[in-house]
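Numbering (UniProt numbering), first residue to last: 1 to 273.
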C-alpha cells in the first residue's frame, strides 16, 4: 500500500506516479482539449463574422472566454477519491483556510494570500450558488492530511459558495513550490453546496490555478520559510510543467497584485459550462 504520508521530497515522485499513467489515462483530457481548440477556432471565425468551411457565412456571436482546462486533482485531494474526505466534515465551509479545524487549531504560516475565483457559464453570465472546494500545499510544499509532519492537520482546505457575481474568495497563504511542479492551487467546482459536502457529490470541473513566476520568485526569495522553493522553482518552467505545460496555463493563470509585506491578492475568472 502506498505510504499516505509522503515527505516534501517525495511529492514529485508521487505526483508523477499518479499523473504519468500513459496515453490511456491522459487521452480523455487531451482529446477534450484538442476538441475545444478546434471548436474555439471555428468560434473565432463566427465571432469575426468569417466564413466557415463550405463557404457559408455565420452570424456574429458573443465572444466568451474558453472553458477552463480540466486537470488532475493530484494525489492529495482529500475529497474521498484518494484517502480521506475532508469535504464532509463540519467546519470545511469557510473562507479563511489558514488554520486546521476540528481537533487541531494549527495555523499554516506564510505570506498572506487572498485568492478569488469567478465562475461564468457558457452564456458568459455569473454562476450563482455553485460551490468551490479548494486546497493547496503549505510554504514547505506539504499537503495537510498526507505529507509527513502534517497528517494530523487539515489546513489550507475549504469550501465556499459563489455569490451574485459568481465569485468565491479564500483567505490563505502563498503556497510553496515543491519539486517538479509549478506553483499552483487546486480546485473543484460543484453545482451546489449540498453536492460539495456530500460523499457522493458529482464534480463539474477539476482544475488548478497557476501563479505568476515573477511574484512567486519575489515571495520565495524574500519571505521566511520558502527557501527550498527558490531551488525548486529554478528547476521548473511553465512549459515543462506536467500540468500547465501543454498550453502555458492559458485559462488558468491568475492575476496577482500586492507585496510580501502587505500580502497578495489573486484573481481568476473561469468558464465552466
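By construction, the Cβ of each residue, glycine as well, lies at the ideal position given by its N, Cα and C atoms.
Close-in-space but distant-in-sequence residues of the same chain around residue i (CB under 7 Å, 5 per side omitted)
i: residue 199; result: 80, 85, 88
i: residue 110; result: 138, 139, 173, 174, 225
i: residue 206; result: 70, 71, 73, 188
Residues of its chain near residue i, where Cβ-Cβ distance is below 6 Å and the 5 sequence neighbours each way are ignored
i: residue 261; result: none
i: residue 153; result: 100, 104, 106, 144
i: residue 150; result: 142, 144
i: residue 64; result: 124
i: residue 108; result: 98, 138, 155, 156, 173
i: residue 77; result: none
Residue i (DSSP reduced to helix, strand or coil)
i: residue 160; result: strand
i: residue 270; result: strand
i: residue 232; result: helix
i: residue 92; result: coil
i: residue 213; result: helix
i: residue 29; result: The predicted model places residue 29 with a pLDDT of 41, which falls under 50 and marks its position as unreliable, so this point remains unresolved.
i: residue 169; result: strand
i: residue 148; result: coil
i: residue 202; result: coil
i: residue 118; result: strand
i: residue 72; result: coil
i: residue 178; result: coil
i: residue 107; result: strand
i: residue 219; result: helix
i: residue 194; result: helix
i: residue 227; result: helix
i: residue 86; result: helix
i: residue 62; result: Any reading at residue 62 needs caution, since the residue's pLDDT is 44, under 50, leaving its predicted position unreliable; the model's value is listed next. It is coil, neither helix nor strand.
i: residue 187; result: strand
i: residue 255; result: strand
i: residue 131; result: strand
i: residue 207; result: strand
Buried or exposed (CB count within 10 angstroms, at least 16 for buried), residue i
i: residue 73; result: buried
i: residue 250; result: exposed
i: residue 162; result: buried
i: residue 235; result: exposed
i: residue 122; result: exposed
i: residue 183; result: buried
i: residue 210; result: buried
i: residue 202; result: exposed
i: residue 177; result: buried
i: residue 256; result: buried
i: residue 95; result: exposed
i: residue 270; result: buried
i: residue 273; result: exposed
i: residue 248; result: exposed
i: residue 166; result: buried
i: residue 231; result: exposed
i: residue 196; result: buried
i: residue 227; result: exposed
i: residue 259; result: exposed
i: residue 229; result: buried
i: residue 239; result: exposed
Contact belief for residue i with residue j at Cβ below 8 Å, rounded distance in angstroms
i: residue 97; j: residue 193; result: With a Cβ gap of about 16 Å, residue 97 and residue 193 do not count as contacting.
i: residue 68; j: residue 159; result: Going by Cβ atoms, the distance from residue 68 to residue 159 rounds to 18 Å, so no, they are not a contact pair.
i: residue 242; j: residue 212; result: Incorrect: roughly 19 Å between the Cβ atoms, too far for contact.
i: residue 264; j: residue 113; result: 5 Å
9 Å Cβ cutoff met for residue i and residue j
i: residue 204; j: residue 214; result: no
i: residue 169; j: residue 115; result: yes
i: residue 267; j: residue 127; result: no
i: residue 83; j: residue 146; result: yes
i: residue 186; j: residue 134; result: yes
i: residue 233; j: residue 222; result: no
Own chain, CB closer than 8 Å to residue i, minus 5 neighbours either side, in chain order
i: residue 164; result: 126, 128
i: residue 91; result: 101, 102
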